[in-house]
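Trainee: In my numbering, the protein residues as written are 1 to 221. Using N, Cα and C, we set each Cβ at its ideal position, and we do this for glycine too. One structure, as structure tokens, below. Some questions next.
As structure tokens, then:
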């Protein structure tokens with residue numbers, strides 16, 4: 001009876017945000033496999049039905065978690081003196097936030113919710129592009145080019161974590177023989193790049209090709 005009363009009182013004071021925050025913390029510590037309605041209810045000391053009552057079924061829970069975490073990521077300040085710097089800053093927030101919270105990133109990807117996860121930061125990027133004079137179709141294409149670059153590097157980083165060593169690109173290429181390829185190139189292909197540095201170089205090249213350094217030279221104005 002005491003346990004029932006405790007759970008009932010806990011249910012009365014439970015907020016949806018509390019459910020989502022506990023679910024996010026659970027995934028970040030133990031991974032997506034740990035996220036079950038029963039486990040979450042146990043973490044919150046409520047009946048499983050309380051979870052359904054507050055956030056819906058598991059798919060609805062995951063979508064709400066991803067949305068809430070994306071809102072958190074977008075709370076970070078966008079720092080930069082120029083339009084280019086600020087667009088780069090937003091792109092880096094997506095990159096850094098996704099890798100710092102890999103459990104949520106993988107969960108979003110597995111459920112087709114990556115766009116939902118990044119929507120607030122993508123909106124922030126669209127605003128920065130607009131400030132730079134990149135609008136309309138040009139802004140659409142610029143945003144997608146930049147986010148495709150960021151997304152590709154995120155996938156590469158997460159794959160390196162998940163793949164067995166002998167299945168990684170460096171290991172596979174190390175065993176290939178191609179007499180037409182320069183030996184130095186063959187040797188280099190069998191070694192890893194420093195992904196964060198490569199990301200910065202590639203991202204800057206993409207952004208520099210889209211956002212003019214001088215607004216007076218902006219073809220989109």
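Hey, which unbroken runs of the alpha helix (DSSP H) at 4 residues or more fall wholly within the stretch 71-98?
Mentor: The stretch 71-98 contains no whole alpha helix (DSSP H) run of 4 or more residues.
Trainee: In this structure, how does DSSP classify residue 202 when only helix, strand and coil are distinguished?
Mentor: helix
Trainee: Tell me where the alpha helix (DSSP H) around residue 19 begins and ends.
Mentor: 16-30
Trainee: Residue 130: which of 187, 86, 180 sits nearest, CA to CA?
Mentor: With distances taken between CA atoms, residue 130 lies nearest to 86 out of 187, 86, 180.
Trainee: Using the rule of at least 16 other Cβ atoms within 10 Å of the residue's Cβ for burial, across every protein chain shown, is residue 35 buried or exposed?
Mentor: buried
Trainee: Cα separation between residue 102 and residue 73?
Mentor: 13 Å
Trainee: Which residue comes first and which comes last in the alpha helix (DSSP H) that contains residue 55?
Mentor: 48-55
Trainee: Could you compute how far the alpha carbon of residue 111 sits from the alpha carbon of residue 184?
Mentor: Whole-angstrom Cα-Cα distance: 42 Å.
Trainee: Is residue 216 helix, strand or coil when you go by DSSP?
Mentor: For residue 216, the predicted model reports a pLDDT of 42, less than 50, meaning its position is unreliable; a value from the coordinates is still stated below. Three-state result, residue 216: helix.
Trainee: Count the other C-beta atoms from every protein chain shown that fall within 10 angstroms of the C-beta of residue 98, then say buried if there are 16 or more, exposed otherwise.
Mentor: buried
Trainee: On a Cα-Cα basis, can you pick out the residue from 16, 106, 196 that is closest to residue 50?
Mentor: 16
Trainee: Closer than 6 Å by C-beta to residue 94: which residues in its own chain qualify, once you throw out the five before and the five after it? Chain order, please.
Mentor: 118, 121, 150
Trainee: Taking 9 Å as the cut-off, decide whether the C-beta atoms of residue 225 and residue 148 are in contact.
Mentor: Residue 225 lies beyond the stretch modelled for the chain, which goes from 1 to 221, so this question has no answer here.
Trainee: On the CB-based measure, 16 or more other CB atoms within 10 Å of its CB, does residue 124 come out buried or exposed?
Mentor: buried
Trainee: Which residue comes first and which comes last in the alpha helix (DSSP H) that contains residue 116?
Mentor: Start and end: 114-131.
Trainee: Can you tell me the Cα-Cα spacing of residue 222 and residue 137, whole angstroms?
Mentor: Since the first residue shown for the chain is 1 and the last is 221, residue 222 is missing from the structure and cannot be characterised.
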